[in-house]
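Before any comments, here is the structure.
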Amino acid sequence: MSASTSSLPVSGASQFAHKSSLSAAAKRRKRKELSEEQRQEIRDAFELFDSDKDSYIDYHELKVAMRALGFEVKKQDVLKVLREYERDGNGRISFDDFYEVMSDWVLGRDPREEVMKAFQLFDDDETGKISLRNLRRIARELGENMPDEELRAMIDEFDTDGDGEIHLDDFVSIMTGDTD
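If you use full-length UniProt numbering, the sequence shown corresponds to residues 1 to 180, in order.
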């Protein structure tokens, strides 16, 4: 076998490796990244629930931190995360591991589903619309004492059909910033 023939597989392999690394780099560029606000929320959740401030959280702290970030987790979800990420058998995970898990979870959220959940919080009477009564209740629950005129002004700003209520499509526009 000649030297040039024996080098073909190596050359082909290196071309494949080069193309693979370019493909991986392209995928990394396409991958969504956390906003600074999302990164800070993850840090804040960890710090808030790391009650003994040892840079680790246990099962209970993890469960509460995940819920604080808006995830409806069950016991088996939390246990799965602990099994995958605990390193020393102590039933706890580090901040770095928590950050990795929560980054994946946050980036994996379906924005439309998140908006729907938020809409349902406002639309407690399940009319498919947010009324003055719904806004008044939310303001009260948040400890805000807002006069009806202010609440009506909020509705009027986003009410596209003039019926005095915010429909789901209007709410989606508000939440996604697409208010053209």
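We treat Cβ as the ideally placed atom computed from N, Cα and C, and that holds for glycine.
According to DSSP, which residues form a beta bridge with residue i?
i	result
Y56	S94
K129	H167
Return the Cβ separation of residue i and residue j in integer angstroms, given the expectation that the two are a contact with Cβ distance under 8 Å.
i	j	result
L107	K32	5 Å
F71	W105	6 Å
V84	S131	Position check: residue 84 holds Glu in this sequence, whereas Val was assumed. Actually they are not in contact, since the Cβ atoms of E84 and S131 sit about 45 Å apart, beyond 8 Å.
L69	L82	Actually they are not in contact, since the Cβ atoms of L69 and L82 sit about 16 Å apart, beyond 8 Å.
M154	A118	M154 to A118, Cβ: 15 Å. No contact.
With DSSP collapsed to three states, give me the class of residue i.
i	result
M175	helix
S103	helix
A24	Confidence in A24 is poor, its pLDDT being 41 and thus under 50, which makes the residue's placement unreliable; the coordinate value appears in the next sentence. Reduced to three states, the DSSP call for A24 is helix.
P71	Position check: residue 71 holds Phe in this sequence, whereas Pro was assumed. Correct three-state label for F71: coil.
K32	coil
E47	helix
N145	coil
R109	coil
D159	coil
Is it buried or exposed for residue i, if we count other Cβ within 10 angstroms and need 16 for buried?
i	result
H167	buried
K30	Low local confidence applies: a pLDDT of 42 at K30 is under 50, so the model's placement there is unreliable, with the coordinate-based value given in what follows. With fewer than 16 other Cβ atoms within 10 Å, it is exposed.
R133	exposed
E141	exposed
D123	buried
D88	exposed
K129	buried
D50	buried
For residue i, which residues from the same chain have a beta carbon less than 7 Å from its beta carbon, with the 5 sequence-adjacent residues on both sides left out?
i	result
D170	F158, D159 and T160
F95	F46 and S55
E149	none
Under 6 Å Cβ to Cβ from residue i, same chain only, skipping five residues before and after it: list those, please.
i	result
I42	Y99 and M102
I93	Y85 and E86
L135	L151
M66	V73
E114	none
Using a Cβ-Cβ cut-off of 8 Å (strictly less than) and excluding sequence neighbours within five positions of residue i, which residues of its own chain qualify?
i	result
G91	D58, Y59 and L82
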